[in-house]
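S.K.:
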Amino acid sequence: MRMTMRKITGLFVLLFLSLGLISTAQHQKLSSNSKHISPDLFGIFFEDINYAADGGLYAELIQNRSFEYSPSDRKGWNSLTSWEYLTEGFAYGTISVETQSPLNENNRHYVVLNVEDAGQDGLGLKNSGFDGIVVRAGEKYDFSVFVRQISDQSIPLQVKLLGKKGVVIGEATFSTQSTMWKKYSTVLTANQNEDSASLVIIAKGKGKLGIDVVSLFPEKTFKNRPNGLRADLAQTIADLKPKFMRFPGGCLVHGDGLGNMYRWKNTIGPIEQRVGQRNIWGYHQTAGLGYFEYFQFCEDIGAKPLPVLPAAVSCQNSGGTWRIGGTGQKGIPLDEMQAYIQEVLDLIEYANGPVTSTWGAKRAEAGHPLPFNLEYIGIGNEDKQTPEFRERFKLIYDVVSAKHPEVKIIGTVGPSPSGEDFDLGWKFARELNVPMVDEHYYEKPDWFIANQKRYDSYKRSESKVYLGEYASQGSKLFNALAEAVYMTGLERNGDVIRMASYAPMLARVGHTQWNPDLIYFNSTAISPSVNYYVQKLFSVNQGDTYYDNVESMTNQGKVSDSTLAASCVKDSKTGDVILKLVNIGKVEKTMKINLSRFKRIVANATCTVLTGAFDAKNSLEKPENVVPVTSDLKVNVKFDYKAPALSLSVIRISVKKM
Ligand code: AHR
Numbered sequence: 018m019r020m021t022m023r024k025i026t027g028l029f030v031l032l033f034l035s036l037g038l039i040s041t042a043q044h045q046k047l048s049s050n051s052k053h054i055s056p057d058l059f060g061i062f063f064e065d066i067n068y069a070a071d072g073g074l075y076a077e078l079i080q081n082r083s084f085e086y087s088p089s090d091r092k093g094w095n096s097l098t099s100w101e102y103l104t105e106g107f108a109y110g111t112i113s114v115e116t117q118s119p120l121n122e123n124n125r126h127y128v129v130l131n132v133e134d135a136g137q138d139g140l141g142l143k144n145s146g147f148d149g150i151v152v153r154a155g156e157k158y159d160f161s162v163f164v165r166q167i168s169d170q171s172i173p174l175q176v177k178l179l180g181k182k183g184v185v186i187g188e189a190t191f192s193t194q195s196t197m198w199k200k201y202s203t204v205l206t207a208n209q210n211e212d213s214a215s216l217v218i219i220a221k222g223k224g225k226l227g228i229d230v231v232s233l234f235p236e237k238t239f240k241n242r243p244n245g246l247r248a249d250l251a252q253t254i255a256d257l258k259p260k261f262m263r264f265p266g267g268c269l270v271h272g273d274g275l276g277n278m279y280r281w282k283n284t285i286g287p288i289e290q291r292v293g294q295r296n297i298w299g300y301h302q303t304a305g306l307g308y309f310e311y312f313q314f315c316e317d318i319g320a321k322p323l324p325v326l327p328a329a330v331s332c333q334n335s336g337g338t339w340r341i342g343g344t345g346q347k348g349i350p351l352d353e354m355q356a357y358i359q360e361v362l363d364l365i366e367y368a369n370g371p372v373t374s375t376w377g378a379k380r381a382e383a384g385h386p387l388p389f390n391l392e393y394i395g396i397g398n399e400d401k402q403t404p405e406f407r408e409r410f411k412l413i414y415d416v417v418s419a420k421h422p423e424v425k426i427i428g429t430v431g432p433s434p435s436g437e438d439f440d441l442g443w444k445f446a447r448e449l450n451v452p453m454v455d456e457h458y459y460e461k462p463d464w465f466i467a468n469q470k471r472y473d474s475y476k477r478s479e480s481k482v483y484l485g486e487y488a489s490q491g492s493k494l495f496n497a498l499a500e501a502v503y504m505t506g507l508e509r510n511g512d513v514i515r516m517a518s519y520a521p522m523l524a525r526v527g528h529t530q531w532n533p534d535l536i537y538f539n540s541t542a543i544s545p546s547v548n549y550y551v552q553k554l555f556s557v558n559q560g561d562t563y564y565d566n567v568e569s570m571t572n573q574g575k576v577s578d579s580t581l582a583a584s585c586v587k588d589s590k591t592g593d594v595i596l597k598l599v600n601i602g603k604v605e606k607t608m609k610i611n612l613s614r615f616k617r618i619v620a621n622a623t624c625t626v627l628t629g630a631f632d633a634k635n636s637l638e639k640p641e642n643v644v645p646v647t648s649d650l651k652v653n654v655k656f657d658y659k660a661p662a663l664s665l666s667v668i669r670i671s672v673k674k675m
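Using the numbering used here, you'd call the opening residue of the sequence shown number 18 and step up by one each time.
Take a look at the structure:
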């Protein structure tokens, strides 16, 4: 009688089961060789670091639009940073920054122009945006400004887009109508392309006026949303087809001191009422890209929103050098915790509550009556596991999980893959039975390769893992491939790793505080890193069932080859079987593929390969130095795949419908 390996394995399983030596869970896995994995595995991490929001994804073209920059944002900055005072054509008068009669309490600084003589050309202000304003011929730009006429007479105002040599490439005029703060809006149409334009606002008549919140937006934002996002950058993110988006950070969440925490209520409503503040990364955040815009963007790109809120403690590195110190963590006073917990509950209501609820009504007012379907919420970011943290986390956790069992809470286990905060964080998560914890690590490529089996031994009965931040400290092809090796391990463990996101995501060249990043950009160009393409290949090729032993990666049929890694998933929506095959070695290697467990596979598959030199990178100058290339591939039930040296290959195989 011929006995197959499968039958022999089955007999051993029965024998071991009867002896009580292996658990039923393992048995299920052994007998099926497949398991369900997270359908939300690969997503994105957005933090306002490296000018990711203002000067980045947020499409506002005016820098320091509300005159709220200050030396506490950055040494040398003040209300007039990025503004220039213009007195041309013999005009004269004075400019001052004042706070006595502000637009509102959240927006205290404004400019007063006192025009004593407007001369021929008037007197005013010029702003050159973030490294110059980019406009395109024929496109429309929404201009708005708040003005308070302080003198009696109406003052004519002119708004102009200026090209590099001072050529007017778009203009509009209006006159002040009120001695109260009033918003004036107009549309400027650019009559030529310009990568480095500036905007001027000129008073053309004698008198005194206050100016605040000077704004210029391209009409063509992503999905044409008002107060929207830079279309090309948003599209580059959307192309990742992320299953979720975490926002707004990172360390930005818990902030540099208690007063610097990211408080979501400060970031909704009309932009002039939002509370801008110092960004922990050494610049200013307007909060123009706020919670509503984050939720809207998630919906627009089909990603589940994953907001992270402070665990009522500030960053442990507050007031010190980042990652050094550990003395700066401060907790919200315990007698204020009830109000803070209410703030967390209110966010859930803002996202999911009916329009008849207080916060659901505010969502509807912002233009979104339907809920945003919030499923996950993070509490805390890499916080030091002190008694102060634990006490506050537990207070929040107990109330939120009791009131909202439908929302999964994600806890935090420090900034490293091991160590004190990691161990204490996990111990605490086990005690509270937190559904998921957020692990973070930035390590060398060798670490990722050596630790690709990290999650194989994680206990399936404990808290699940959100790998919220990881990167292999470099943008070379080899870094990206080390991450790919690791990601095959994430898929293999997709029953315990429920979500994972590379970090950080965005970086404006010339304004980075952190390297490497996934996507580099300047005002006109975008350069997705090689790492981006690895993320994209995994993300657009996600599955929900994982299969063992489809690929054989032995060295000449003998020992397992440590330069190879692979995973196989099936996407139940399309029925496609997807192989991800990584070769980090310097020579081509053959992998044996056995698809015999899949019935009715179609021979015509596609194969996308990302490969190049060990240290090849992408840059703004050479954005497409290393990009994936897709071609057709004939596959069989069993076939050999020659994985090129230094490559990630993704083979997508369809299955005939019944
Ligand atoms: O991703 C950059 C920073 O790294 C994040 O703000 C922080 O959470 C992590 O330590």
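Note that beta-carbon positions come from the ideal geometry of N, C-alpha and C, so glycine has one too.
Remember, it's a predicted structure, so these values are computed and weren't measured experimentally.
1) Give the DSSP-derived three-state secondary structure of Thr448 in the structure shown.
2) Over the uninterrupted alpha helix (DSSP H) stretch that includes Ala320, give me the two end residues.
3) Let me check you understand the geometry: is the CB of His457 closer than 7 Å to at least one non-hydrogen atom of the ligand AHR?
4) Let me check understanding here. Comparing Cα to Cα, which of Pro265, Leu58, Ala582 and Ile427 lies closest to Gly297?
5) Identify whether His271 lies in helix, strand or coil by the three-state DSSP scheme.
6) Confirm the yes/no value for this check: CB of Ala517, any heavy atom of the ligand AHR, distance under 7 Å.
7) By Cβ distance, which residues of its chain are closer than 8 Å to Pro119, with the 5 residues on each side in sequence left out?
8) Which residues does DSSP pair with Val672 in a beta bridge?
9) Is it the case that the stretch 265-276 contacts the stretch 53-67, given that we only count it when at least three CB pairs across the two stretches are under 8 Å?
10) So the candidates are Met262, Pro287, Gln194 and Glu500; which of them puts its Cα closest to the Cα of Gly227?
11) Could you tell me which whole alpha helix (DSSP H) segments of length 4 or greater appear in the stretch 387-475?
12) I believe Glu605 touches Ala583 by the beta-carbon criterion, under 8 Å. Please report the beta-carbon distance rounded to the nearest angstrom.
13) Out of Ser579, Val162 and Tyr519, which has the shortest C-alpha to C-alpha gap to Asn548?
14) May I have all residues whose beta carbon comes closer than 6 Å to any heavy atom of the ligand AHR, sorted in chain order?
15) Am I right that Glu211 and Gly180 are in contact with their C-beta atoms under 8 Å? What's the rounded C-beta distance?
16) Thinking C-beta only, is Gly511 closer than 8 Å to Ile54?
17) Per DSSP, Phe656 forms a beta bridge with which residues?
18) Distance check for Val162 and Glu101, CA to CA, integer angstroms please.
19) Give the range of the alpha helix (DSSP H) segment to which Thr375 is assigned.
20) How is Ser556 classed by DSSP in three states: helix, strand or coil?
21) If you drop the 5 nearest sequence neighbours on each side, which residues of the same chain put their C-beta closer than 6 Å to that of Ile466?
22) By the three-class DSSP mapping on this structure, what secondary structure does Met504 have?
23) State buried or exposed for Asn621, treating a residue as buried only when at least 16 other CB atoms are found within 10 Å of its CB.
24) Taking its Cβ as the centre, do 16 or more other Cβ atoms sit within 10 Å of Tyr483, making it buried, or is it exposed?
25) Answer with buried or exposed for Lys673, where buried requires no fewer than 16 other C-beta atoms within 10 angstroms of its C-beta.
26) Where Phe676 and Asn539 are concerned, what is the direct C-alpha to C-alpha distance, given to the nearest angstrom?
27) How many angstroms separate the CA atom of Val667 from the CA atom of Lys470?
28) Could I get the ranges of all uninterrupted alpha helix (DSSP H) runs contained in the stretch 88-117, with 4 residues as the minimum, in chain order?
29) Helix, strand or coil: which one does DSSP assign to Lys240?
30) Report yes if the C-beta distance between Gln333 and Asp273 is below 8 Å; otherwise report no.
31) Mind checking which residues open and close the alpha helix (DSSP H) that includes Ile254?
32) Lys225 to Gly395, Cα distance in whole Å?
33) Looking at Asp138 and Gly187, is the spacing between their C-beta atoms short of 8 Å?
34) Based on the DSSP secondary-structure assignment, which residues constitute the bridge partners of Glu486?
M.R.: In short, the structure shows the following:
1) Numbered from 1 along the sequence shown, position 431 holds the residue referred to as residue 448. This sequence places Glu at residue 448; Thr is not what is there. Correct three-state label for Glu448: helix.
2) Here residue 320 refers to the residue found at position 303 when the sequence shown is read from its first residue. From DSSP, Ala320 is part of no alpha helix (DSSP H); its letter is neither H nor E.
3) Taking the sequence shown and counting its residues from 1, the one referred to as residue 457 is at position 440. Yes, the Cβ of His457 comes within 7 Å of a heavy atom of the ligand AHR.
4) Within the sequence shown, numbered from 1, the residue matching residue 297 stands at position 280. Reading off the sequence shown, one finds Ile at residue 297, where the question assumed Gly. The shortest C-alpha separation from Ile297 is found at Pro265.
5) Your numbering for residue 271 matches position 254 in the sequence shown. His271: helix per DSSP, three-state reduction.
6) The residue given as residue 517 occupies position 500 in the sequence shown. Not under cutoff, so the answer is no.
7) Here residue 119 refers to the residue found at position 102 of the sequence shown. Closer than 8 Å at Cβ, skipping near neighbours: Arg125, His126, Tyr127 and Asp229.
8) Numbered from 1 along the sequence shown, position 655 holds the residue referred to as residue 672. Bridge partners of Val672: Ile618.
9) yes
10) Locating residue 227 in the sequence shown gives position 210, counting from the first residue. The residue with the shortest Cα to Cα distance from Gly227 is Gln194.
11) 404-420, 437-449 and 462-467
12) Taking the first residue of the sequence shown as position 1, residue 605 is located at position 588. Taking the first residue of the sequence shown as position 1, residue 583 is located at position 566. Contact doesn't hold; Cβ gap of about 15 Å is too wide.
13) For the purposes of this step, residue 548 is taken as residue 531 along the sequence shown, with counting starting at 1. Taking only the C-alpha atoms, the option nearest Asn548 is Tyr519.
14) Glu64, Ile66, Gly266, Gly267, Cys268, Asn398, Glu399, Pro432, His457, Glu486, Ala520, Pro521 and Trp531
15) As a position in the sequence shown, residue 211 is number 194, starting the count at 1. As a position in the sequence shown, residue 180 is number 163, starting the count at 1. Indeed they touch by this definition, with Cβ atoms about 5 Å apart.
16) Residue numbering aside, residue 54 sits at position 37 when the sequence shown is read from its first letter. Residue numbering aside, residue 511 sits at position 494 when the sequence shown is read from its first letter. Cβ distance < 8 Å, so Ile54 and Gly511 count as in contact.
17) Numbered from 1 along the sequence shown, position 639 holds the residue referred to as residue 656. In DSSP, Phe656 forms a bridge with Ile610.
18) Within the sequence shown, residue 101 is the residue found at index 84, counting from 1. Within the sequence shown, residue 162 is the residue found at index 145, counting from 1. Cα to Cα, the separation comes out at about 17 Å.
19) Position 358 of the sequence shown holds residue 375. Here the alpha helix (DSSP H) through Thr375 covers Thr375 to Glu382.
20) Along the sequence shown, read from residue 1 onward, the residue named residue 556 stands at position 539. DSSP places Ser556 in helix when its eight states are reduced to three.
21) Indexing the sequence shown from 1 puts residue 466 at position 449. Excluding residues within five positions, the ones whose Cβ falls inside 6 Å are Ala499 and Val502.
22) Working through the sequence shown from its first residue, we reach residue 504 at position 487. Three-state DSSP puts Met504 in a helix.
23) If you number the sequence shown from 1, residue 621 lands on position 604. Per the 10 Å Cβ criterion, exposed.
24) Counted from its first residue, the sequence shown places residue 483 at position 466. Answer is buried; the Cβ neighbour count reaches 16.
25) Sequence index remark: in the sequence shown, residue 673 carries index 656 (1-based). Lys673 comes out exposed.
26) This structure cannot settle anything about residue 676, because the visible part of the chain is limited to 18 through 675.
27) Sequence index remark: in the sequence shown, residue 667 carries index 650 (1-based). Sequence index remark: in the sequence shown, residue 470 carries index 453 (1-based). Taking the straight line joining both Cα atoms gives about 21 Å.
28) none
29) What you label residue 240 is simply residue 223 of the sequence shown in a count that begins at 1. Lys240 falls in the helix class under three-state DSSP.
30) Within the sequence shown, residue 333 is the residue found at index 316, counting from 1. Within the sequence shown, residue 273 is the residue found at index 256, counting from 1. No.
31) Within the sequence shown, residue 254 is the residue found at index 237, counting from 1. Start and end: Ala248 to Ala255.
32) For this step, residue 225 is matched to residue 208 along the sequence shown. For this step, residue 395 is matched to residue 378 along the sequence shown. One C-alpha to the other measures close to 49 Å.
33) Here residue 187 refers to the residue found at position 170 when the sequence shown is read from its first residue. Here residue 138 refers to the residue found at position 121 when the sequence shown is read from its first residue. No. Outside cutoff.
34) As a working note, residue 486 is residue 469 in the sequence shown. Glu486 is bridged to His457.
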